[in-house]
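Residue 745, in our numbering, is where the sequence shown stops; the numbers in between run on with no holes.
Notes follow once the structure below has been shown.
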Amino acid sequence: MCYVISGALRIYSVNERGQEAVVAFALEGNWISDWESVVTQSPSRYYIDAVENSEILQISPAELHLLEAEVPAIKEFLRLEQRLVAVTTQKRIHAAISMNAEERYLDLLEHHPEYFQKFSQNMIASYLGIKPATLSRLRKR
605 MCYVISGALR IYSVNERGQE AVVAFALEGN WISDWESVVT QSPSRYYIDA
655 VENSEILQIS PAELHLLEAE VPAIKEFLRL EQRLVAVTTQ KRIHAAISMN
705 AEERYLDLLE HHPEYFQKFS QNMIASYLGI KPATLSRLRK R
């Protein structure tokens with residue numbers, strides 16, 4: 605698990621054709637991790653990298669469990685964080701199955717305009733599930 609003190613990170617997968625699929629972005633003040641990997645203690649199918657110079661705090665699942673045992677507030681914090689992750693995931697699924705490309709773009713622009721300052725057009729397009737050329741056309745409108 606990583607907490608972003610400064611900078612910009614992304615979590616993504618790479619399919620067998622070498623195409624990247626961005627799952628999430630994290631900016632200053634956000635957490636980023638593969639919760640499946642953390643919970644199941646299995647290797648992650650995702651990559652996390654910084655897209656600009658970044659300062660992060662990182663904690664391993666083992667260290668996190670020790671901290672939870674020693675500081676009850678950490679357990680509550682993680683419970684609330686996991687709720688936020690669930691809500692964010694549900695919103696992403698809703699957008700993917702009920703919005704067209706333009707609606708997803710406008711929704712992202714409304715709720716996270718800072719992403720367009722920090723992440724490349726290719727990364728934004730991947731996050732939206734569209735081709736970079738489609739994103740370019742949408743931005744011109």
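Using N, Cα and C, we set each Cβ at its ideal position, and we do this for glycine too.
Since the model is a prediction, treat every value here as computed from it, not as a measurement.
For residue 672 versus residue 678, is the C-beta spacing smaller than 7 Å? yes
Considering residue 624, what are the terminal residues of the beta strand (DSSP E) in which it resides? 624-631
Note down, in chain order, each residue of its chain lying with its Cβ closer than 6 Å to the Cβ of residue 692, except the 5 sequence neighbours on either side. none
If contact is defined by three or more beta carbon pairs under 8 Å, each pair taking one atom from either stretch, is the segment 722-742 in contact with the segment 637-652? no
So, is residue 730 buried or exposed, given that buried needs 16 or more other C-beta atoms within 10 angstroms? buried
Limits of the unbroken alpha helix (DSSP H) element including residue 696: 676-702
Which residue marks the beginning of the beta strand (DSSP E) containing residue 615, and which one marks its end? 612-618
Beta carbon of residue 607 nearer than 7 Å to that of residue 651: no
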